[in-house]
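Below: one structure, written as structure tokens.
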């Protein structure tokens, strides 16, 4: 009887481990495209209205069209993106409208940093865009702010 109980516990434990391992693997495109991502920090500092006087930048990823769109602090932005193994990301063919905006605006720096991003990480409802070991910027879901 003890052997049957031990076998049951062993099988149950193995199933639980397999299920938990499988549940952690999400489609990376689903993770990116399920939210509108609002800028939270940029160049190691908290993003604020002093740096982006015309509104906080945000990104939205469309996994069906492999298209990214959003707002860069003054202008609308759009382009393509690809995602590869190990959370590689490439934001390519980025373009923006060309409105003139008054006040302090780090839009040019923001767009340049987007072009440098080569991988991303999503942890605790925060999207990090990185270049090598350098964290370029972080985003949080728009509804969280």
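Numbering (full-length UniProt numbering), first residue to last: 1 to 145. From the three backbone atoms N, C-alpha and C, an ideal C-beta is built for every residue, glycine too.
Paired residues, beta bridge with residue i - DSSP
i, result
"residue 84", "88"
"residue 141", "37"
"residue 94", "Looking at the DSSP assignment, residue 94 forms no beta bridge with any residue, so it has no partner."
Residue of the options minimising C-alpha distance to residue i
i, options, result
"residue 73", "112, 133, 44", "112"
"residue 97", "43, 66, 28, 70", "70"
"residue 85", "120, 109, 141, 91", "120"
"residue 116", "123, 33, 134, 126", "134"
"residue 140", "62, 103, 41", "41"
"residue 62", "53, 56, 30, 75", "30"
"residue 128", "48, 54, 58", "58"
"residue 52", "93, 108, 95", "108"
"residue 138", "28, 27, 56, 100", "56"
"residue 100", "76, 45, 122", "76"
is_contact[residue i, chain D] using C-beta, thresh 8 Å
i, result
"residue 75", "No chain D appears in the structure shown, which is made up of a single protein chain."
Limits of the unbroken alpha helix (DSSP H) element including residue i
i, result
"residue 70", "Segment 67-71 is the beta strand (DSSP E) holding residue 70; no alpha helix (DSSP H) there."
"residue 108", "107-116"
Close beta carbons around residue i, own chain, < 6 Å, minus the five adjacent residues each side
i, result
"residue 102", "none"
"residue 36", "58, 60, 142"
"residue 32", "61"
Other residues of its chain near residue i: CB distance less than 7 Å, five sequence neighbours each side excluded
i, result
"residue 66", "80, 81, 82"
Limits of the beta strand (DSSP E) - the one that residue i falls within
i, result
"residue 60", "58-62"
"residue 127", "126-131"
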